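Read the structure below first, then the notes.
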Amino acid sequence: MKTDAIGRRTMLAGVIGAAAMSSLPLGARDPQFKVPVVDSLTLTVLTDSGTFGPFLPDQDLPGLKVLRAGNGNPPGYTRMSSKALMGEFGLSLLADSLAGDAARRILVDFGYTAEVLANNMAMLGIDPSSIDASVLSHGHLDHYGGFPALAGHFARKGRPLPLYVGGEEAFCERVAMIGNPPPVMGILDRAGLTKAGYDIRIAPEPRIVADQAFTTGIIPLLTSERTAIPTRMRPGTGCDRQRLRSDKRDLAEVTDDGEHELATCYAIKGLGLVVIASCSHRGVLNSVRRAQAISGISKVHMVIGGFHLVRPRTEEEARQTVTAFKVMDPDYIVPMHCTGEIFIEEALRQMPLKIVRPYVGTRFVMG
Ligand SMILES: [Fe+2]
Numbered sequence: 001m002k003t004d005a006i007g008r009r010t011m012l013a014g015v016i017g018a019a020a021m022s023s024l025p026l027g028a029r030d031p032q033f034k035v036p037v038v039d040s041l042t043l044t045v046l047t048d049s050g051t052f053g054p055f056l057p058d059q060d061l062p063g064l065k066v067l068r069a070g071n072g073n074p075p076g077y078t079r080m081s082s083k084a085l086m087g088e089f090g091l092s093l094l095a096d097s098l099a100g101d102a103a104r105r106i107l108v109d110f111g112y113t114a115e116v117l118a119n120n121m122a123m124l125g126i127d128p129s130s131i132d133a134s135v136l137s138h139g140h141l142d143h144y145g146g147f148p149a150l151a152g153h154f155a156r157k158g159r160p161l162p163l164y165v166g167g168e169e170a171f172c173e174r175v176a177m178i179g180n181p182p183p184v185m186g187i188l189d190r191a192g193l194t195k196a197g198y199d200i201r202i203a204p205e206p207r208i209v210a211d212q213a214f215t216t217g218i219i220p221l222l223t224s225e226r227t228a229i230p231t232r233m234r235p236g237t238g239c240d241r242q243r244l245r246s247d248k249r250d251l252a253e254v255t256d257d258g259e260h261e262l263a264t265c266y267a268i269k270g271l272g273l274v275v276i277a278s279c280s281h282r283g284v285l286n287s288v289r290r291a292q293a294i295s296g297i298s299k300v301h302m303v304i305g306g307f308h309l310v311r312p313r314t315e316e317e318a319r320q321t322v323t324a325f326k327v328m329d330p331d332y333i334v335p336m337h338c339t340g341e342i343f344i345e346e347a348l349r350q351m352p353l354k355i356v357r358p359y360v361g362t363r364f365v366m367g
């Protein structure tokens, strides 16, 4: 990795250009918070549900190259290896950005299992010790479960890896409302994270990550999207109840409202915002609105992640989100993970040129 360029942070939102800036009635914007602007961004799918053989062509689209694993990507990838990229119900993305001569690499979420994350990173030639920072979008097992895959890689280099989390709630035990009795999802192991070499940083407000990305902090509910989260959390089990919101801390169990959930975002020079929505339990549109409000940038280049337009959300809500996306008019939408087939079918019907399907190992190169 290349080193810091002094003054890189002075590349501010204004570089995007006045045309993309607008006064947005989307929630308070802190004038002190200036988002960084990068020259380029490559997102690599490390964990998602789907894998695909070497039969999909790469694509060269306006402002976006889509490189499929196995088409000579990445260099050194062994074709017809006895090992294979693995899919699972979880999400993990690697983000490589460049601003001037400063390169940064961050990991967004860890997928469901360490086995899959470690396997896929090894096959894609990604050295865990090259990662500069990490973000956990929320405290669900399918996003944090793989964190042990990176254990020890940072401590060996004598530096803990920053891990941004949106709130103490991430550490509360979760119960999944998907059976009777509802199965316990488990607890994000705070001590295990520290032992593995992560430096936990709780950030309920927008935060710049590794100089080049930013997180949204708490996502306000500003659109028709509601919180519809298929889990409940247990204050005091795994998390410190005194650090929770006062109306939650004394309850034994409370329905999740996604208060701690984060989106991770970039502003790319000349292209606009990239919003990594992870699981969108507070709504993918709300996540994008939050990124726009924080940055003052209205132009959206890509929205990528799980949009959770499956139960407890309805098919009608999935269709409403497609309609709203048409109005928002991002350049590209990459539906992953928990998005659901109804949204994908409807979005492909209404906006076929905007939808790009991801598979494990796919790289999205922008700028
Ligand atoms: Fe998820």
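Throughout the sequence shown, residue numbering follows the numbering used here, covering 1 to 367 in sequence. A virtual CB, placed ideally from N, CA and C, is assigned to each residue, including glycine. Computed from a predicted model, the values in this text were never measured in an experiment.
- Ranking Pro204, Leu271 and Ile297 by CA distance to the CA of Gly258 puts Pro204 first.
- Relative to ligand 1, Gly111 has its C-beta separated by 6 Å or more from all heavy atoms.
- The Cβ-Cβ distance between Leu94 and Leu46 falls below 7 Å.
- In this structure, Glu168 lies near Asp240, with their beta-carbon atoms less than 7 Å apart.
- When DSSP states are grouped into helix, strand and coil, Ser92 belongs to the strand group.
- Put simply, the backbone Cα of Met233 is about 26 Å away from that of Gly197.
- When distances are taken from the beta-carbon of Cys338 to the heavy atoms of ligand 1, the shortest one is below 6 Å.
- Cys279 has its Cβ nearer than 6 Å to a heavy atom of ligand 1.
- Here Tyr359 carries a coil assignment [DSSP, helix/strand/coil].
- About 4 Å separates the beta carbon of Gly238 from that of Ile187, a gap short enough to meet the 8 Å contact definition.
- Nearest C-alpha to His281 among Gly272, His308 and Val303: His308.
- Take Met336, set aside five residues on each side of it, and the residues of its chain with a beta-carbon closer than 7 Å to its own are Asp48, Leu91, Ile304, Gly305, Gly306 and Pro358, in chain order.
- Setting aside the 5 residues that flank it on each side, Phe343 is surrounded in the same chain by Phe307, Leu309, Ala318, Thr321, Val322 and Pro335, each with a C-beta closer than 7 Å to its C-beta; the list follows chain order.
- Taking Arg290 as the centre and dropping the five residues before and after it, the same chain places the C-beta of Thr216 and Ile219 closer than 6 Å to its C-beta, in chain order.
- If one requires a minimum length of 4 residues, no alpha helix (DSSP H) run lies completely within the region 23–67.
- If you check the C-beta of Gly306 against ligand 1, you find a heavy atom less than 6 Å away.
- Residues Pro235, Arg241 and Gln242 of the same chain have their beta carbon placed closer than 7 Å to that of Arg249, with the five preceding and five following residues left out of the count.
- In its chain, beyond the 5 residues on either side, Arg174, Ala176 and Asp256 have a beta carbon closer than 6 Å to the beta carbon of Thr231.
- Secondary structure of Pro352 (DSSP, three-state): coil.
- Note that the region 114–125 does not touch the region 266–282; fewer than 3 beta-carbon pairs, one per stretch, sit closer than 8 Å.
- Secondary structure at Tyr266: strand, using DSSP grouped into helix, strand and coil.
- The closest heavy atom of ligand 1 lies less than 6 Å from the beta carbon of Asp142.
- Approximately 5 Å separates the beta-carbon atoms of Ile106 and Ala210; this is inside 8 Å, confirming the contact.
- CA-to-CA, the gap between Lys195 and Phe110 works out to about 16 Å.
- Ala196: member of the alpha helix (DSSP H) spanning Arg190 to Ala196, first to last residue.
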